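Inspection log for the structure reproduced underneath, given as structure tokens.
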Amino acid sequence: MDIMGYDDYHSVQTAGTRKDFVNRLEMLVEMTEEYSKIPTMTETGYEAIPDSTW
Numbered sequence: 001m002d003i004m005g006y007d008d009y010h011s012v013q014t015a016g017t018r019k020d021f022v023n024r025l026e027m028l029v030e031m032t033e034e035y036s037k038i039p040t041m042t043e044t045g046y047e048a049i050p051d052s053t054w
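Here the working numbering is used: position 22 in the sequence shown is 22, and no number is missing along the way.
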């Protein structure tokens, strides 16, 4: 395995959850540095998007 990834779907909705999201990404980077891997945001999205042209 050459990469380590993180999936996140619409969890960032408040200032508090934004901070949690950043903390998870920081942890991912720390782990990848420890194991000489590449950090990736492998999947993301927003379910039931209210804007049909988005």
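Ideal placement from N, C-alpha and C gives every residue a C-beta, glycine not left out.
Quick caveat: nothing in here was measured; it's all calculated off a predicted structure.
Bounding residues of the alpha helix (DSSP H) (the contiguous stretch that carries residue i)
i, result
"T32", "A15 to E34"
Inter-residue spacing [alpha-carbon to alpha-carbon] between residue i and residue j
i, j, result
"R18", "S36", "27 Å"
"L25", "M31", "10 Å"
"T40", "D51", "27 Å"
"E34", "T14", "30 Å"
"M4", "N23", "16 Å"
Reduced DSSP category for residue i - H, G, I as helix; E, B as strand; rest coil
i, result
"I49", "coil"
Contact under 8 Å by Cβ, residue i with residue j
i, j, result
"V29", "F21", "no"
"D2", "I49", "no"
Residue interval of the beta strand (DSSP E) (run including residue i)
i, result
"M1", "Unbroken run through M1: none, as it is neither H nor E."
**Message:** So, does the stretch 43-50 touch the stretch 1-10, judging by three or more C-beta pairs under 8 Å?
**Reply:** yes
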